[in-house]
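Working notes, structure below.
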Amino acid sequence: MRDFSNSKRAFAEADKYMPGGVNSPVRAFKNVGGDPLFIAKGKGAYIEDIDHNKYIDYVLSWGPLILGHADDKVVADLQDATTRGTSYGAPTELETELAEKIQAIVPSLEEMRMVSSGTEATMSAIRLARGVTKRDKIVKFIGNYHGHSDSLLVDAGSGMATFDINTSPGVPNALAYDTLTVAYNDVEGVKSLFKEHGKEIACVIVEPIAGNMGVIPGTQEFLQTLRDETTKSGSLLIFDEVMSGFRAAYHGAQSLYHIKPDLTTLGKVVGGGLPVGVFGGRRDLMENITPAGKIYHAGTLSGNPLAMTGGLSTLNQLSEDLYTKMTANTKRLMAGIKQAADDHGVPMTVHSVGTMWSYFFNAGPVNNFDDVKASDTAYFAKFFKQLLQQGIYTAPSQFETNFMSSKHTDVEIDKTIQAFNNAFDAVQK
Ligand code: PLP
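Residue numbers for the sequence shown follow our numbering, so the first one is 777 and each next one is one higher.
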């Protein structure tokens, strides 16, 4: 058995100063039981906790670390950038360089703004949509998560799903009232909502590939319906690609479906492990943002040189070929995990798109939040702990996604498949 005593002590200490002992709820192991691991360092596909236990890491900071931990080039570029200062509050050419790179990869971002988190990106995109359309209502999907701004904390996924909270206390009723929710992948539900409220709807925000209730891909028909209905009613379509951007595919989920949203939000990989979010899209819409227009957006640290360097250093190392390789690795891992479940007679559904993957203790199909909720979360909790004992660090919730990096090779994938087999053996005993 692995010894976690240093993490236990560190958690007790942290709990004196921070609610629940953490700075983001999904880091707590509350739903699977036990205390979170405190991490000392990471390199490549591996992390090490403060008890010197090593793990193959599939959380990867919840997605950003597509090149694994402490990539040599990213570290060198950041060290170099730091010697020139950490922030100026004045423009740098790095911001344009990163914007140019993003646009080359995701061309629908004709103009964009850098922010410091995914939450800021989606919050600002919603404000822009409301400001331009002069409408208040927004549509989101049950089990999708778009960060923790008030309008979006209704029927959300991720930690909200893990801790079973529908609408966060503190969200004003008026705002919750203006957030209309529909089941994910429910084409008829979307059509009837637009029939009733079409002219009041400022925008639809959607994770084109949902990653905050495990991985659930949107169907082509569902996403096309969103495109058609928003166009017909004069509202805007926002693809929240904070997670799926540079993850589901090199050019994002929008390239897989051949659907062009009006606005896109990015985060995670785009900062390479530093705090970056981006919102952008149609130039005529973005030109309404201050100081070009009157819809307010600002940020003391927006586009700061370290964050831009983290993003540039990461994006400059990505390529179509790398995604082909990582996607193949992810598929091989999924096949091995599914085989392990079948060999042990455990009902399991596995989903992956590009470098995003998850497994549900559920015979399937899993197409929306109700399906995910039908999974065996008690088995998940036991299984998760066995994986930790086997040296595999995965998301501590059934309602989250795991990730692949460029540093996970056949060696790590084989070890992981073996670990899943061992974990099934241990849980069944
Ligand atoms: N949108 C999506 C799809 C996300 O997955 C997340 C975070 O997981 C966010 C927005 C919020 O991003 P952040 O945690 O950087 O505020």
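For glycine and all other residues, C-beta sits at the position ideal for the given N, C-alpha and C.
For Val-966, there is no enclosing beta strand (DSSP E); the residue is part of the alpha helix (DSSP H) that begins and ends at 963-973. Straight-line spacing of the CA atoms in Ile-832 and Gln-1194 works out to 13 Å.
A distance criterion of 7 Å places the beta-carbon of Val-1018 in contact range of the ligand PLP, judged by its closest non-hydrogen atom. By the Cβ-count criterion, Asp-1118 is exposed, with fewer than 16 other Cβ atoms from all chains shown falling within 10 Å of its own Cβ. Around Asn-1138, the same chain offers Pro-1123, Met-1124, Thr-1125, Asp-1147, Val-1148, Ala-1150, Ser-1151 and Asp-1152 as residues with beta carbons nearer than 8 Å, after the five sequence neighbours per side are excluded.
The straight-line gap separating the alpha-carbon atoms of Ser-1134 and Ala-1074 is approximately 36 Å. Of the candidates Asp-962, Thr-957, Ser-927 and Asn-961, the residue whose Cα lies closest to the Cα of Pro-945 is Ser-927. Counting only residues of its own chain and dropping the five nearest sequence neighbours on each side, Ser-1173 has a CB closer than 6 Å to the CB of Asn-807 and Thr-938. With 16 or more other Cβ atoms inside 10 Å of its own Cβ, Gly-1130 counts as buried. Here Tyr-1155 carries a helix assignment [DSSP, helix/strand/coil]. Ranked by Cα distance from His-1120, the options Val-1187, Thr-1001 and Phe-1196 are led by Phe-1196. Annotation for Ala-959: the continuous beta strand (DSSP E) segment containing it runs 955-959. Distances taken from the Cβ of Ser-934 to the heavy atoms of the ligand PLP include one shorter than 7 Å. Taking all protein chains shown into account, Asp-847 has 16 or more neighbouring C-beta atoms within 10 Å of its C-beta and is therefore buried. Distances taken from the Cβ of Ser-893 to the heavy atoms of the ligand PLP include one shorter than 7 Å.
Taking the Cα positions, Asn-1105 is about 44 Å away from Thr-909.
Just so you know, the alpha carbons of Thr-1006 and Ile-1014 end up roughly 10 Å apart. Cβ-Cβ separation between Ile-918 and Phe-1145: approximately 5 Å, consistent with a contact (criterion under 8 Å). For Glu-873, the enclosing alpha helix (DSSP H) covers residues 869-881. Taking C-beta separations shorter than 8 Å and ignoring five residues to either side along the sequence, the partners of Arg-1059 in its chain run Glu-886 and Glu-887, following chain order. Val-802 and Gly-1087 have their C-alpha atoms spaced approximately 24 Å apart. In this structure, the ligand PLP has no non-hydrogen atom nearer than 7 Å to the beta-carbon of Thr-1006.
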